[in-house]
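Structure first, commentary second.
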Amino acid sequence: MFQAPTGTRDFYPAELNRLRYVQDAWRRTSINHGFEEIDGPTFEHLDLYTVKSGDGIVSELFSFERFGGEKTFALRPEFTPTLARMYASRAASLPKPTKWFWMQNCYRAERPQRGRLREFSQWNCDIIGDDSAQADAECIACCVGALEEIGLSPNDVRIRVNNRRYVQNMLRSAGLDETVMDRGLSWLDTYHKLETDAFVKNGQAIGLDSDQAYKISVTLAALAGPNSKWPSDSMLASDAAPGREPIYEPLFKALAAHGLREWCVLDPSIARGLAYYTGMVFEVHEASGAERAIAGGGRYDKLIEMFGGPPTPAVGFGMGDVVLSLVLADKGLMPKDEEVAARLGLNPDALVISNGTPEADGAVAGVVAELRRAGLHARRSYKTTKNIGKLIQDAAKMRARYCVILESAESATVKDMGTQGQEGCGVAELAGRIARR
RNA sequence: GUGGCUGUAGCUCAGUUGGUUAGAGCACGAGAUUGUGAUUCUCGGGGUCGCGGGUUCGAGUCCCGUCAGCCACCCCA
0 MFQAPTGTRD FYPAELNRLR YVQDAWRRTS INHGFEEIDG PTFEHLDLYT
50 VKSGDGIVSE LFSFERFGGE KTFALRPEFT PTLARMYASR AASLPKPTKW
100 FWMQNCYRAE RPQRGRLREF SQWNCDIIGD DSAQADAECI ACCVGALEEI
150 GLSPNDVRIR VNNRRYVQNM LRSAGLDETV MDRGLSWLDT YHKLETDAFV
200 KNGQAIGLDS DQAYKISVTL AALAGPNSKW PSDSMLASDA APGREPIYEP
250 LFKALAAHGL REWCVLDPSI ARGLAYYTGM VFEVHEASGA ERAIAGGGRY
300 DKLIEMFGGP PTPAVGFGMG DVVLSLVLAD KGLMPKDEEV AARLGLNPDA
350 LVISNGTPEA DGAVAGVVAE LRRAGLHARR SYKTTKNIGK LIQDAAKMRA
400 RYCVILESAE SATVKDMGTQ GQEGCGVAEL AGRIARR
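Heads up, the first sequence stops at 436 in numbering that gives the first Met the number 0, and the numbers go up one at a time, no gaps.
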């Protein structure tokens with residue numbers, strides 16, 4: 000027997016329905032928030048990915064050459080480079096802001112773990128051409144909208160928000176050299192997984208003196224991780240004080256305006272690993288810290304330019320299906336298989352069964368065909384039993400709206416599976432009787 | 001890529017110090033009660049015990065390798 004390749008999944012009907020359930024929430028939310036769906040190729044030139052992330056990325060990509068060809072390609076590990084490429088090539092004719100969403104599979108050649116596979120479904124939303132804090136908040140609002148749509152509450156998940164410019168200022172005033180700013184951000188990002196001593200020691204390794212590194216760890220201890228919360232009024236007031244660039248104040252004001260106050264906290268240790276984020280950054284985590292990050296994103300104002308477009312501000316986020324599904328399962332929020340199918344509109348309008356007489360048996364196929372021609376989802380039973388009770392049980396299990404019991408070639412009993420009421424009906428009137436009103 | 005733990009039916013798991021033809025529940029299918037959704041009973045299909053070697057008269061059980069899953073590192077676009 001062949002096995003599926005490492006880190007990939009087989010989707011049997013129940014599993015695929017669960018994926019669709021998640022994707023439906025993503026799509027509905029995107030559309031309600033005014034985003035338009037786009038897509039690009041599954042694979043790109045390898046260079047598209049190395050431009051942004053350097054050659055180090057190659058070992059984490061599935062790359063290949065066409066037999067006898069010269070170009071090297073790679074399966075997309077993410078969508079942002081494609082998006083930047085697509086935007087850059089039509090930038091002049093696109094509206095500002097442009098709001099795009101995308102929902103397809105990505106491929107990464109990493110070692111799989113819980114919450115991390117080599118092929119997964121990802122959802123991206125991006126607002127391009129708007130550098131305001133309102134756009135930042137609108138982006139987070141869409142992300143939260145999907146979480147809420149799928150049944151998660153502020154008790155279940157936390158949106159950890161930060162701004163790179165703020166912590167860059169903090170690092171600068173602590174004496175960090177501008178040339179190692181990237182390493183400084185990475186250092187902050189490791190705060191939550193290190194003991195204080197190790198954290199301070201690593202801070203010294205990038206050139207901070209131990210007092211300054213320790214001071215930063217004290218600041219983070221008060222504000223980050225489990226202690227992170229919505230910023231106090233006094234903190235926002237001092238952030239917006241005259242003579243300095245306000246960073247947190249406009250962001251949190253915009254988040255509040257979008258009704259996100261109970262979802263979001265300020266966590267200065269969130270820096271994100273990617274080099275290209277320039278301002279607001281955020282991550283979504285399960286509230287108690289279980290599982291990996293559910294989603295992450297931020298502002299990337301230089302990226303479009305890097306891909307050959309005009310200087311264009313942008314903000315966006317990505318969410319994968321893997322961790323989200325684990326969190327839903329952990330919390331008992333993934334409905335049962337039948338319920339998922341029903342919510343996807345996959346339950347039949349009618350199950351047609353026979354009363355067991357040869358005449359009715361012979362009429363089943365024709366009745367099913369007639370109902371389908373009328374645009375209804377009609378099924379027949381494939382069971383051989385003539386036990387009506389068992390067949391009705393079958394109808395209940397597939398959540399059919401009606402069970403049609405053929406009594407003869409012309410007449411039927413129609414049972415409403417919801418109300419349990421039933422009545423006689425001519426075969427010719429069945430489609431009209433069952434049609435959704 | 002490095003290290004650790006685990007692999008028995010579709011799922012959850014039994015399987016004695018190595019000993020005949022590897023079991024149960026659920027799920028799936030058929031039948032019984034001659035027509036109404038959670039009942040009961042009977043029967044059935046399904047496993048090269050992840051795969052390959054080795055030790056042994058004999059391996060699901062012990063040893064080695066390999067593959068896969070999980071966990072930590074790495075990375076997290």
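The C-beta atom is built at its ideal place from N, Cα and C for all residues, glycine as well.
- Within its own chain, no residue has a Cβ closer than 6 Å to the Cβ of Lys252 once the five positions on either side in sequence are excluded.
- Per DSSP, the beta-bridge partners of Asp125 are Trp99 and Gly315.
- Each residue's CA atom was taken as its position, placing Ser92 and Glu35 some 16 Å apart.
- Trp229 sits away from Ile205, with the two beta carbons spaced by 8 Å or more.
- Fewer than three beta-carbon pairs drawn from the stretch 310-318 and the stretch 365-374 are found closer than 8 Å, and the two stretches are therefore not classed as touching.
- For the stretch 208-280, the continuous alpha helix (DSSP H) assignments of 4+ residues that do not extend past its boundaries occur at 209-222, 232-238 and 247-256, in sequence order.
- For Gln211, the closest of Asp232, Met169, Ser233 and Asp238 by C-alpha to C-alpha distance is Met169.
- Looking from the CA of Cys402, the closest CA among Thr384, Ser380, Glu409 and Ala408 belongs to Ser380.
- Spatial neighbours of Asp181 in its own chain (CB-CB distance under 8 Å, excluding positions within 5 residues in sequence) are listed in chain order as Ala274.
- Thr28 places its beta carbon less than 8 Å from that of Cys141.
- Beta-bridge analysis with DSSP links Arg298 to Val314.
- For Gln421, the pairing in a beta bridge is given by DSSP as Lys414.
- For the pair Ala286 and Phe1, the Cα-to-Cα distance works out to about 40 Å.
- Apart from sequence neighbours up to five positions away, the residues of its chain that approach Phe100 with a beta-carbon distance below 6 Å are Ser29, Phe34, Glu36 and Cys124, ordered along the chain.
- For Asn16, the enclosing alpha helix (DSSP H) has its first and last residue at Pro12 to Asn31.
- When secondary structure is reduced to three states using DSSP, Phe198 falls in the helix class.
- Per the Cβ contact rule, the stretch 299-313 is not in contact with the stretch 344-362 (fewer than 3 Cβ pairs under 8 Å).
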